[in-house]
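Numbering (the working numbering), first residue to last: -17 to 219.
In what follows, a single structure is set out as structure tokens and then discussed.
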Ligand code: SAM
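Printed below as a string of structure tokens:
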């Protein structure tokens, strides 16, 4: 995994910009993930080379979407830590909160953070629609990120409340997300955001292209959002 990650980072133009030990640390994280995945459902990806590309390098492709140094990021619905944990390893000065509603995954993430010796990253158990109403989390972050969690309309309601005004939401999607983005435009506006752009990236060593949808927070999110999950699904914005 380490060699694939190292050469993939070079293809992404990140060689020399990330810590020298990052490929080894990402490979170690990948190995811990595959080991635990034998007894706990953490990922559908089971081959080391796919972990290196479809998890680690996919997340590394976020690096040129923004300047993360010295900022704060919340990863909403992080699962086994994607994209927040690779971003932390690649940008050590980024403060990362990994949020997930499944406690077993959060416990494993906190153990993994300890094992890897990482500082300035924590995994938190909770539902985004509840944490987003908690003053300890609401409008506290420079960045929110999410991959494979929900449709963009719902995802914006889950993620935009966490952002400070001027912050950015990075939604990791497939290149076929055009309709999904169009349908999310009213929600983005209501929640205090503005669609900023879309960035497509070929994941190194694969023929898979993924898209990052960037949403800037331009004004505070009205207090009534996020609503309860059932309500969001029943009456999407
Ligand atoms: N982001 C990871 C990735 O790309 O590998 C995990 C994706 S997994 C398909 C979706 C994760 O989102 C699950 O771990 C689930 O527990 C979490 N999740 C779903 N809805 C959530 C919510 N409302 N609040 C917090 N976590 C949520």
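Just so it is clear, CB atoms sit at the ideal spot from N, CA and C, and this is done for glycine as well.
Please read these numbers as outputs of a predicted model, since none were measured by experiment.
Where residue -16 falls: helix, strand or coil (DSSP): Look at residue -16 here: in three-state DSSP terms it is helix.
Outcome for residue 214 when other beta-carbon atoms lying within 10 angstroms are tallied against a minimum of 16: With a 10 Å radius around the Cβ and a threshold of 16 neighbouring Cβ atoms, residue 214 comes out buried.
The segment 120 to 129 in contact with the segment 55 to 73 per 3-pair CB rule at 8 Å: They touch, by the three-pair rule.
Segment contact flag, the segment 159 to 171 with the segment 13 to 30, C-beta cutoff 8 Å, min 3 pairs: The segment 159 to 171 and the segment 13 to 30 do not touch, with fewer than 3 CB-CB distances between them shorter than 8 Å.
Alpha-carbon to alpha-carbon, residue 146 and residue 115: Roughly 14 Å between the two C-alpha positions.
Any non-hydrogen atom of the ligand SAM closer than 7 Å to residue 163 Cβ: For residue 163, the shortest separation between its Cβ and any heavy atom of the ligand SAM does not lie below 7 Å.
Closer than 7 Å: residue 64 CB and nearest the ligand SAM heavy atom: Residue 64 Cβ: within cutoff of the ligand SAM.
Nearest-angstrom beta carbon gap, residue 41 and residue 64 [assumed within contact, 8 Å]: About 6 Å separates the two Cβ atoms, so the contact holds.
Check: residue 33 C-beta below 7 Å from any heavy atom of the ligand SAM: Between the ligand SAM and residue 33, a heavy atom-to-CB distance of less than 7 Å is absent.
Rounded Cβ spacing between residue 140 and residue 178 (contact assumed at less than 8 Å): Distance from residue 140 to residue 178 at the Cβ level is roughly 18 Å; contact not present, criterion being Cβ atoms closer than 8 Å.
Best match in 143, 16, 189 for proximity to residue 199 [C-alpha to C-alpha]: Residue 143 is the option with its Cα nearest to residue 199.
Reduced DSSP secondary structure (H/G/I, E/B, other) of residue 199: DSSP, read as helix, strand or coil, puts residue 199 in strand.
Residue 190 versus residue 17 - alpha carbon distance: Distance between the alpha carbons of residue 190 and residue 17 is about 25 Å.
Secondary structure, beta strand (DSSP E): runs of 3+ residues fully inside the segment 33 to 64: The qualifying runs are 54 to 58.
N-terminal and C-terminal residue of the alpha helix (DSSP H) that residue 225 is part of: The structure shown does not extend to residue 225, since the chain is modelled only from -17 through 219, so no value can be given for it.
Endpoints, beta strand (DSSP E) assigned at residue 154: Residue 154 -> beta strand (DSSP E) spans 145 to 156.
Contact test: residue 120 Cβ vs the ligand SAM heavy atom, cutoff 7 Å: The answer is no for residue 120.
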